[in-house]
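Asker:
Residue numbers (my numbering), protein chains in the order written: chain A, 8 to 423; chain B, 8 to 423.
Below you can see the structure in the form of structure tokens.
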């Protein structure tokens, strides 16, 4: 007998009609003789609604507080109990579990807690009795089981993956409102193709770059605990995307996907004194202000007297970053500070592809051919990212998707 | 320092504006140096909404089930967390407690659980730290703390009274949407007067007869544990109605209030064989079918050969009662079964007043003067009830209210 964890997000549980459809997907597995644990998010927009209520009740106490967590946790409790009733209604045994009933122990701040341990005794006993265990995602306890904590937005994906790891499940199915993971955003590139299989590292990069199908923390947990994932739609029979460990270094390397992010802003410091430690001062000041930096380029003038540093930060942090740098202008003098948030980051993703210089040069040539200027380049083990002017988003995406033949089935891999 | 439990019902917490007003009432007590524990119901119509969802999810599993209890419990959790945030917003320390966090141990069926024990250690510690303990009404745990149970509709009143008893509070304030307890329904008798003080027995009778201000179970618990109650409005400064133990037998007896119930139906069995045990058979059959009987009259024909029995049951049980009696017609033969649900029960309430024959005769004469026929009479230690045709409701109420001078201040008690 195999054991599966099925996770349903808010859009898959928007109303009772959706919930009944989800219950049918649970029943399908159960009737095949599998043990099924279900992880649910809050229904539809319920979490946003509750968060708005908390802010209205007390703007200054709503953020990351014990009471906001207690409030938000009701959303998943509601959908877990209703899902259990829907399952009972179609003849299955089912029992709902709030975070404190499992229990899921967490630590760390309210509103963004980290899972420490998931107890499995009661859940396994429930599964052995051929009942479906319907677990609330996104929540656990802290303070010795006394308080309710939540894992932060999108935490239900993480709950599902960690529960699958704890239960040693054979599969964790993530049900969502799209068919799976795509080579790129189908709204921008109409030839975008659903990917049948992808490995953990690629999935993690795509999640980090903002692919909506899976939270970064969940992708990271799946990779760490080697939990096989199947990402698929609640609303169709499409087989979805399988995420598991592959050893692509032994195979033909390929570019798997093309991602973009419009969440970045560029900051350039021009005419810095080219003295040792100047970059250290600048990035220390940003770190001190809790501002994360992503892409970085550093260079000097030809006479090496002046340096310039360009980097990206989250758009939301741009103003704070500029102020923080002005504050230390006396210690780290610069001639000019420029910032630009009309930029976009485009990334080619594929395990092991960094060892093929051809991918990068082909990417740069493709963009140059279209007259698109590359502002910053960053590479990692499995991705090449470029920062370009936001205006060129669609053109760059379509061109790269076509050149790397991502619309083609991977059984005939793209030439690189 | 004194300790107070304040209970807010759904109408007092209909939205955040109402909740803020309730928070101000908590703050008033707290700023007077009192320790305050708050008991909250679900916001507005939330419980009804959740119940409807449960029925929609599974009609056959929604009633009195573990999952429906888990679902309903979210309503109070939501308002407790929001109330805590509202209190924090006006500068008070506050912490919400779900039933399992207190914990409140219950037994007995889901959907109608009975409180067995309320732990006070954590609550008292919270109060000692000058924080307001915001407790969910209506819920507790069962099965060794593992499952969520609810106390049945209106259970929050009971939660508040029992919490006040457990905490040895000096007062339990029940906030509602009316000014207090009235001599009778002001919608029917415009001269109805708010009662300043009432004793437990009278309050219990009025609650049992359907006065909306306090649940019968809560009135009964207050009487048993001698918890002083103050029933008042969230929306005005009217001092409300105090409920406490009095020794009216030592004082001038008085009729305190006039109540009515339109929830009863009359059933008459005519032409029964007048044999010993015939009434026993009839009421055993009704009990077997879980039908409660209220008022009963039994009589015989002049020759004592035939008997007749008239009684009342809840309107909702009328059809079932009639079927149950037809079933045993062979064992307990009768000539005719008549039923009538166009009846109304009117009750005069006043501690110790049954020892004054004058009250009953004056009540009957008043009704006779208006041409109102009395169908059944029932008396208890503190009330006299009559069943009359429903058409006469307003006329009977107004006449009796005037005759017993209930509109007058009790410092000049009605003559009896």
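Where is the CB? At the ideal position from N, CA and C, for every residue including glycine.
Comparing C-alpha positions only, which one of A:325, A:368, A:261 sits nearest to residue 416 of chain A?
Answerer: The count along the first chain starts at 1 and reaches residue 416 of chain A at position 409. Residue A:261 is the option with its Cα nearest to residue 416 of chain A.
Asker: Would you say residue 136 of chain B faces chain A, with C-beta separation under 8 Å as the test?
Answerer: Taking the second chain and counting its residues from 1, the one referred to as residue 136 of chain B is at position 129. With 8 Å as the cut-off, residue 136 of chain B does not count as an interface residue toward chain A.
Asker: Closer than 7 Å by C-beta to residue 125 of chain A: which residues in its own chain qualify, once you throw out the five before and the five after it? Chain order, please.
Answerer: By 1-based counting over the first chain, the position of residue 125 of chain A is 118. Contacts found: 109, 111, 169, 170, 173.
Asker: How far does the alpha helix (DSSP H) with residue 81 of chain A in it reach, from first residue to last?
Answerer: What you label residue 81 of chain A is simply residue 74 of the first chain in a count that begins at 1. 73-96 is the span of the alpha helix (DSSP H), which, as asked, contains residue 81 of chain A.
Asker: What residues of chain A sit near residue 65 of chain B, judged by a beta carbon separation below 7 Å?
Answerer: The sequence position of residue 65 of chain B within the second chain is 58, counting from 1. Under the 7 Å cutoff, chain A gives 92, 93, 95, 96.
Asker: Relative to the C-alpha of residue 56 of chain A, which residue among B:89, B:229, B:72, B:61 is closest?
Answerer: Translated into the one-based positions of the first chain, residue 56 of chain A becomes position 49. Measuring from the Cα of residue 56 of chain A, the nearest candidate turns out to be B:89.
Asker: Thinking C-beta only, is residue 11 of chain B closer than 8 Å to residue 178 of chain B?
Answerer: For this step, residue 178 of chain B is matched to residue 171 along the second chain. For this step, residue 11 of chain B is matched to residue 4 along the second chain. It is a contact, given that the beta carbons lie within the stated cut-off.
Asker: Name the chain B residues that come within less than 7 Å of residue 132 of chain A, Cβ to Cβ?
Answerer: For the purposes of this step, residue 132 of chain A is taken as residue 125 along the first chain, with counting starting at 1. Simply none; closest approach about 11 Å.
Asker: Check whether the Cβ of residue 295 of chain A lies closer than 8 Å to any Cβ atom in chain B.
Answerer: On the first chain, position 288 is the one that residue 295 of chain A refers to. Residue 295 of chain A does not count as touching chain B.
Asker: For residue 6 of chain A, which residues of its own chain have a beta-carbon under 6 Å away from its beta-carbon, when the five flanking residues on both sides are left out?
Answerer: Past the edges of chain A, shown from 8 to 423, lies residue 6 of chain A, and the structure says nothing about it.
Asker: Under 8 Å, do residue 400 of chain B and residue 189 of chain B count as touching if we go by C-beta distance?
Answerer: For the purposes of this step, residue 400 of chain B is identified with residue 393 of the second chain, where counting begins at 1. For the purposes of this step, residue 189 of chain B is identified with residue 182 of the second chain, where counting begins at 1. Cβ atoms of residue 400 of chain B and residue 189 of chain B: not closer than 8 Å.
Asker: Taking 8 Å as the threshold (beta carbon to beta carbon), is residue 419 of chain A in contact with chain B?
Answerer: Translated into the one-based positions of the first chain, residue 419 of chain A becomes position 412. Residue confidence is low: residue 419 of chain A scores 49 on pLDDT, short of 50, so the model does not pin down where it sits. No coordinate-derived value is stated.
Asker: Is it buried or exposed for residue 388 of chain A, if we count other Cβ within 10 angstroms and need 16 for buried?
Answerer: For this step, residue 388 of chain A is matched to residue 381 along the first chain. The residue in question, residue 388 of chain A, is exposed, as its Cβ has fewer than 16 Cβ neighbours within 10 Å.
Asker: Against residue 103 of chain B, what residues of chain A qualify as contacts under a CB-to-CB distance less than 7 Å, listed in chain order?
Answerer: As a position in the second chain, residue 103 of chain B is number 96, starting the count at 1. Per Cβ cutoff of 7 Å: 74, 77.
Asker: Can you name, in chain order, every residue of its own chain whose Cβ lies under 6 Å from the Cβ of residue 16 of chain A, other than the five neighbours on each side?
Answerer: Your numbering for residue 16 of chain A matches position 9 in the first chain. Closer than 6 Å at the Cβ level, and outside the excluded window around residue 16 of chain A, lie 48, 183.
Asker: Considering only residues of the segment 301-330 of chain A, which uninterrupted beta strand (DSSP E) runs meet the minimum length of 3 residues and lie entirely inside it, listed in chain order?
Answerer: You should have 313-321.
Asker: Excluding the five sequence neighbours on either side, which residues of its own chain have a C-beta within less than 6 Å of the C-beta of residue 335 of chain A, listed in chain order?
Answerer: As a position in the first chain, residue 335 of chain A is number 328, starting the count at 1. Counting only Cβ-Cβ distances below 6 Å, and skipping sequence neighbours, we find 292.
Asker: So residue 120 of chain B packs on residue 156 of chain B, CB below 8 Å; how close in whole Å?
Answerer: Residue numbering aside, residue 120 of chain B sits at position 113 when the second chain is read from its first letter. Residue numbering aside, residue 156 of chain B sits at position 149 when the second chain is read from its first letter. Contact flag correct, Cβ pair sits at about 4 Å.
Asker: So what does DSSP say about residue 337 of chain A, is it helix, strand or coil?
Answerer: Translated into the one-based positions of the first chain, residue 337 of chain A becomes position 330. If DSSP states are grouped into helix, strand and coil, residue 337 of chain A belongs with coil.
Asker: Is the beta carbon of residue 394 of chain B closer than 8 Å to that of residue 307 of chain B?
Answerer: The residue labelled residue 307 of chain B in the question sits at position 300 within the second chain. The residue labelled residue 394 of chain B in the question sits at position 387 within the second chain. Cβ distance not < 8 Å, so residue 307 of chain B and residue 394 of chain B don't count as in contact.
Asker: Would you mind reading off the limits of the alpha helix (DSSP H) that contains residue 287 of chain B?
Answerer: For the purposes of this step, residue 287 of chain B is taken as residue 280 along the second chain, with counting starting at 1. 285-295 is the extent of the alpha helix (DSSP H) around residue 287 of chain B.
Asker: Residues in the same chain with beta-carbon distance under 8 Å from residue 114 of chain A, minus the five sequence neighbours each way, listed in chain order, please.
Answerer: As a working mapping, residue 114 of chain A is identified with position 107 in the first chain. Only 120, 121, 123, 149 meet the Cβ criterion.
Asker: Sorted by chain position, which residues of the same chain lie with C-beta nearer than 8 Å to residue 243 of chain A's C-beta, five sequence neighbours on each side aside?
Answerer: As a working mapping, residue 243 of chain A is identified with position 236 in the first chain. For residue 243 of chain A, where only same-chain residues beyond five positions count, the Cβ hits under 8 Å are 186.
Asker: List the endpoints of the continuous alpha helix (DSSP H) containing residue 128 of chain B.
Answerer: In the second chain, the residue the question calls residue 128 of chain B occupies position 121. Here the alpha helix (DSSP H) through residue 128 of chain B covers 128-135.
Asker: With a threshold of 6 Å on Cβ separation, who are the neighbours of residue 352 of chain B within its own chain once the five nearest residues in sequence on each side are excluded?
Answerer: Stepping through the second chain from its first residue, residue 352 of chain B is reached at position 345. Correct list, in chain order: 268, 271, 392, 394.
Asker: Would you check if the distance between the CB atom of residue 118 of chain B and the CB atom of residue 159 of chain B is smaller than 8 Å?
Answerer: Working through the second chain from its first residue, we reach residue 118 of chain B at position 111. Working through the second chain from its first residue, we reach residue 159 of chain B at position 152. Contact: yes.
Asker: Using three-state DSSP, classify residue 143 of chain B as helix, strand or coil.
Answerer: Numbered from its first residue, the second chain carries residue 143 of chain B at position 136. Residue state, collapsed to three classes: strand.
Asker: Residues of chain A with CB closer than 7 Å to the CB of residue 108 of chain B, please, in chain order.
Answerer: Stepping through the second chain from its first residue, residue 108 of chain B is reached at position 101. In chain order: 153.
Asker: Mind checking the segment 48-64 of chain B against chain A and listing, in chain order, the residues whose C-beta falls within less than 8 Å of any C-beta there?
Answerer: If the cut-off is 8 Å between Cβ atoms, the segment 48-64 of chain B has 57, 60, 61, 63, 64 near chain A.
Asker: Kindly list, in the order they appear in chain B, the residues whose Cβ is closer than 8 Å to that of residue 68 of chain A.
Answerer: As a first step, residue 68 of chain A must be located in the first chain, where it is residue number 61. Near residue 68 of chain A (Cβ distances below 8 Å), the residues of chain B are 92, 95, 96.
Asker: Assess, as a yes-or-no matter, whether the segment 89-104 of chain B is touched by the segment 136-146 of chain B under the definition of 3 or more beta carbon pairs within less than 8 Å.
Answerer: Cβ pair count under 8 Å is three or more, so yes.
Asker: Going by beta carbon distance, what residues of the same chain come within less than 7 Å of residue 221 of chain A, once the five residues before and after it are set aside?
Answerer: Here the question's residue 221 of chain A lines up with position 214 in the first chain. These residues qualify, in order along the chain: 164, 181, 210, 214, 238.
Asker: Step through the CB atoms of chain B and report whether any lies within less than 8 Å of the CB of residue 99 of chain A.
Answerer: In the first chain, counting from the first residue as 1, residue 99 of chain A sits at position 92. Not one chain B Cβ lies under 8 Å of residue 99 of chain A.
Asker: Whose Cβ in chain A lies nearer than 7 Å to the Cβ of residue 81 of chain B?
Answerer: Along the second chain, one-based indexing puts residue 81 of chain B at 74. Here the neighbours are 81, 84, 85.
Asker: Could you tell me if residue 356 of chain B is buried or exposed, where buried requires 16 or more neighbouring beta carbons within 10 angstroms of its beta carbon?
Answerer: Here residue 356 of chain B is taken as the residue at index 349 of the second chain, counted from 1. Burial call: buried.
Asker: From residue 423 of chain A to residue 235 of chain A, what distance separates their C-alpha atoms?
Answerer: Mapped onto the first chain, residue 423 of chain A falls at position 416. Mapped onto the first chain, residue 235 of chain A falls at position 228. For residue 423 of chain A, the pLDDT reaches just 42, beneath the cut-off of 50, and the residue's location in the model is therefore unreliable, although a value from the coordinates is still provided. Cα-Cα distance, rounded: 28 Å.
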